[in-house]
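In what follows, a single structure is set out as structure tokens and then discussed.
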Amino acid sequence: MEIERKNEIKQLISLDNLLEILGNPTRRIVLSKLAKVPHSASELSKILGISRQAVHSQLEILSSNNVVERIGDEKRGGKYRIKNNLSIRIDITPDYYNIQYNMFQIDDDIKSIDLKDIGCSTKFESIKTPDDKIRFLGQQIRDIEHNIRNLEVDRSKLLQNKECFIVELKNIINKTYKQNFLKPKSEVENLEREIFYTLFYNPVQFRKRISIDNLVDKLFFSDLDNFTRDSKIANVRTLMKDMSSFMDFLWEDDDDWFFDF
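Be aware that the sequence shown starts at 1, since it is given in the UniProt record's numbering, and climbs by one per residue.
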């Protein structure tokens, strides 16, 4: 059987640091300003009504986490701008949990996308006046925003459907597999349930070969010392053996686990 391995992309920032950064209202305002126009620390100080020292402190946090960078003459203080492309998506419901984020480095050596790439250059170049060019660009941005809203509505409906299927999975586990699947101790019982639902939260991620390390990360969410991590991995492997005994789509082959349906 062909083994599909998902390439892990090393993030430029950890999720904990990202959430801490975005949890601060001052930093969110700073990022909002810098996404529109580069600003110096003194300009941000006047806008925010706080001391330059406080602004420098916030900029240092953002810089050390690769979110912003300083440009221009360093002797004159320079200005700051957004350094990398960052996106985050959070979905939490009574029956589903998912956080996805990505930070992509902006490489100045790579050619940026332009109007030719999206098929608008000919029409744009035929427009004569600056006002008409601005009007055209505004219309294109408006249309894109409209399409994005439609995609978000579709995504919301898909998530609702997905949650409906997950609820049915839980019903089957509670009824059909109750005797075999659920262990007497609540801690073990909960971990069995969590393993099962984690696999189904994103089957694509665990399709074919299961990375036990990745699964443990999804289950425990934080860095563990080597002893605790090895203990957790052993527990997960043992419970997966139990689960595989009555679920034919979960099976082991030479220490590799497969999730196939």
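C-beta: ideal position from N, C-alpha, C; glycine also.
Cβ neighbour criterion (16 or more within 10 Å) applied to residue i
i, result
"Lys133", "exposed"
"His39", "buried"
"Val167", "exposed"
"Ala35", "exposed"
Straight-line Cα distance separating residue j from residue i
i, j, result
"Ile148", "Asp242", "44 Å"
"Val236", "Val216", "8 Å"
"Arg193", "Ile212", "16 Å"
"Met240", "Ile13", "32 Å"
"Val153", "Asn190", "33 Å"
"Ala234", "Leu224", "14 Å"
"Phe165", "Phe220", "24 Å"
"Leu19", "Arg142", "30 Å"
"Gln11", "Ile82", "17 Å"
Cβ distance (whole Å) where residue i is taken to contact residue j below 8 Å
i, j, result
"Ile88", "Tyr101", "4 Å"
"Leu48", "Val55", "7 Å"
"Ile21", "Val67", "7 Å"
"Phe136", "Lys208", "So it is not a contact: roughly 47 Å between Cβ atoms."
"Gln58", "Val30", "6 Å"
Continuous alpha helix (DSSP H) stretch holding residue i: start and end
i, result
"Arg142", "130–175"
"Val236", "226–244"
"Ile50", "Element bounds for Ile50: n/a, residue is neither H nor E."
"Leu215", "212–220"
"Gln205", "203–206"
Start and end residues, beta strand (DSSP E) containing residue i
i, result
"Asp256", "256–259"
"Leu250", "250–253"
Check your understanding: Which ranges does the beta strand (DSSP E) cover as unbroken runs of at least 3 residues, wholly within the UniProt domain "HTH arsR-type" (17–95), from first to last along the chain?
Key -> 68–71, 79–82, 84–93
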